[in-house]
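Read the sequence shown against this note's numbering and you will find it ends at 409, with the numbers running on by one and no gaps.
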Amino acid sequence: MAALVNKKPHMDIILLGVIFGILAGGITAFAVVEYKTSQSKTQDDLIKEWYVAENAVSVSPHGLRKHIGDGNFLIVDLRSQEEYETQHVISARNVPAYATPDKSDYGAVDRIVGSFKELEKEAKANGQEIVVYCYSHGCMTGRKIGKLLAENGIYVKHLNIGWQEWRYYWNMWNHDGETGVNPEEFFASGPEPGVFSGEASGGCPIGGEFGC
198 MAALVNKKPH
208 MDIILLGVIF
218 GILAGGITAF
228 AVVEYKTSQS
238 KTQDDLIKEW
248 YVAENAVSVS
258 PHGLRKHIGD
268 GNFLIVDLRS
278 QEEYETQHVI
288 SARNVPAYAT
298 PDKSDYGAVD
308 RIVGSFKELE
318 KEAKANGQEI
328 VVYCYSHGCM
338 TGRKIGKLLA
348 ENGIYVKHLN
358 IGWQEWRYYW
368 NMWNHDGETG
378 VNPEEFFASG
388 PEPGVFSGEA
398 SGGCPIGGEF
408 GC
């Protein structure tokens, strides 16, 4: 009997070893499958993913300009308060990601996220999409803030140009037929967003899924 009793702990150890071995093998197999799946993506797959993401996030300035007075968008300027008050896209709100024109304020996470939570409630109530913009097309501020917000469960879209293009290079992103629109109607100054009262339609006539 003593011999049988002494063998039981050894059997438990063996059994535990088998269980852990099975678990480890399963985890390893899953990791290998996941790795192979990620490595098996073709160039075409990656191109498709990029375009899907681009269409999900980016907003055409043509589309925004055409519908700026319709209430479809809640536009947010991420530049400093000083720059916003100097001039901004008409109807845009200001949630500064910059404390001054020369100093970013990305660390103010609670303030930025809190402000966007309030805007999100308003946008949902009005059936709007939130669209952010920053300094220029190449500016990373909108992308960084968009990532920060997504990490906190808030999802915004990104205007495909920035303030510099909207204000100073109007003819660069508008089609020839759109350049006759008065740009001054699409700017506002001061602490208030401003209300668009001009004629936003005209110009690019393409609507629907393949609209400008």
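In this text, a Cβ means the ideal position worked out from N, Cα and C, and glycines have one as well.
- Of the other Cβ atoms in all chains shown, fewer than 16 fall within 10 Å of the Cβ of residue 300; this residue is therefore exposed.
- Pairing residue 374 with residue 261, the inter-Cα distance amounts to about 16 angstroms.
- The alpha-carbon separation between residue 256 and residue 237 amounts to approximately 31 angstroms.
- Between the alpha carbons of residue 366 and residue 385 lies a distance of about 17 angstroms.
- If you check the CB distance, residue 390 and residue 290 come in under 8 angstroms.
- Distance from the CA of residue 369 to the CA of residue 379, rounded to the nearest whole angstrom, comes to 15 angstroms.
- Burial of residue 285 is indicated by the presence of at least 16 other C-beta atoms within 10 angstroms of its C-beta.
- With a 10 Å radius around the Cβ and a threshold of 16 neighbouring Cβ atoms, residue 243 comes out exposed.
- Residue 344 and residue 326 do not touch by the CB rule: their CB atoms are close to 18 angstroms apart, not below 8 angstroms.
- The alpha-carbon separation between residue 346 and residue 340 amounts to approximately 10 angstroms.
- With fewer than 16 other CB atoms across the displayed protein chains lying within 10 angstroms of its CB, residue 318 is exposed.
- When the beta-carbon positions are compared, residue 383 and residue 272 stay at least 8 angstroms from each other.
- In terms of Cβ geometry, residue 334 and residue 357 form a close pair [threshold 8 angstroms].
- For the segment 322-352, the full-length alpha helix (DSSP H) segments reaching 4 residues or more read 338-348 along the chain.
- Nearest Cα to residue 295 within the set 338, 323, 352, 328: 338.
- For residue 272, no alpha helix (DSSP H) encloses it; the enclosing beta strand (DSSP E) starts and ends at 270-274.
- Residue 351 places its beta carbon 8 angstroms or farther from that of residue 321.
- When rounded, the separation of the alpha-carbon atoms in residue 277 and residue 248 is 31 angstroms.
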